[in-house]
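No gaps in the numbering here: position 31 of the sequence shown is 31 in UniProt numbering, and each next residue is one more. Built from N, CA and C at the ideal position, the CB exists for glycine as well. Step one of this worksheet: look at the structure below.
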Amino acid sequence: MTDPGGTLSAVVHGRRSIRMFLRDKPVPRELLTESLELAMRAPSNSNIQPWRLFLASGRRRDRLVEALLEQATRGYPATVGLPESFAELRREVGKMVYGAMGIARGDREARRIAQLRNWEYFRAPVAGAVCVHRDLGPVDSMSVGMFLQTLMLALTERGIGSCAQVSIAHFPDVVREHLEIPDELTVLCGLAIGYPDPDFAANHLDTPRNPVEANVVFRED
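Okay, here's the thing in structure tokens:
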């Protein structure tokens, strides 16, 4: 096993959503396998372990990206699965991300190019799709989320970056075709895996989090 080199707290604080990877620096299979083995320890309802993950690299990854970009250039939604009541929060984080990239608010072409990188998996050498069986519900999707978080933390511990991408789920048929995903599985999101580009400013963005009391209610009486 790889030397952890830090506490859980350090790994959690060190994780970032990477938006530009080193395309030509491959991820060693042994480190990816180690991370996946740790992620498989995630809890799940009745231990059914509902997560299904499809990963592509090399030419398979390139064909997938080419097909996704072809679809995305025809049009894509501003949000995927996000109600309008939460849109302001998306706009706030968008300002931070585009600001870190040096993209002015009115520069529509630069924003369009940046948005299309989503379907390029931000140039990550490993492109993935996270899935769950179509007959399973929210409880089991929650288990998939715990698997995914554990995987991303395990990758972070090994110096490997990642980004969970809801945008990929907007074109599930493309992803299904190129990764040969069975019909009984629902595509929940994409997953980009690779080494972060250290010169890309947005990779160092530390987005703020709410104070605990904004999201947690203690009942003690």
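Looking only at Thr7, Met20 and Leu8, the smallest Cα-Cα distance to Ala201 is reached by Met20. In the DSSP assignment, Phe86 is bridged to no other residue. If one requires a minimum length of 3 residues, the beta strand (DSSP E) runs lying completely within the stretch 136-165 are 161-165, in chain order. Across the set Ala104, Arg219, Thr207 and Ala124, the C-alpha of Thr207 shows the shortest separation from the C-alpha of Gly14. Close CB contacts of Ala110 within its chain, under the 7 Å cut and outside five residues either way in sequence, are with Ile103 (chain order). DSSP places Arg52 in the strand class (E or B) of the three-state scheme. Below 8 Å, enough C-beta pairs join the stretch 111-125 and the stretch 23-42 to call them touching: three or more. For Leu8, the three-state secondary structure derived from DSSP is helix.
Here Ala127 carries a strand assignment [DSSP, helix/strand/coil]. Residue environment: Ala56 is assigned as buried (16 or more neighbouring CB atoms within 10 Å of its CB, all protein chains considered). It is roughly 22 Å from the alpha-carbon of Gly145 to the alpha-carbon of Tyr195.
By the criterion of at least three beta-carbon pairs nearer than 8 Å, the stretch 45-56 is in contact with the stretch 129-146.
Within its own chain, the residues whose Cβ lies closer than 7 Å to the Cβ of Ser17, once the five positions on either side in sequence are excluded, are Cys163, listed in chain order.
By the beta-carbon neighbour count (other beta carbons within 10 angstroms, threshold 16), Arg112 is exposed.
Taking every protein chain shown into account, the CB of Val93 has fewer than 16 other CB atoms within 10 angstroms, so this residue is exposed.
Here the stretch 158-174 makes no contact with the stretch 83-99; the two share fewer than three CB pairs at distances below 8 Å. Leu205 is a Cβ neighbour of Ala100, given a cutoff of 8 Å.
In the three-state DSSP reduction, Ala114 falls in the helix class (H, G or I).
One alpha carbon belongs to Arg60, the other to Leu179, and they sit about 8 Å apart. Assigned with DSSP and collapsed to three states, Ser44 falls in coil, not helix or strand. Spatial neighbours of Arg134 in its own chain (CB-CB distance under 6 Å, excluding positions within 5 residues in sequence) are listed in chain order as Glu184 and Thr186. Per DSSP, the continuous beta strand (DSSP E) segment holding Val187 begins and ends at Leu185 to Gly194. Under a 10 Å Cβ-count criterion, Val130 is classified as buried, with 16 or more other Cβ atoms of the shown protein chains found around its own Cβ.
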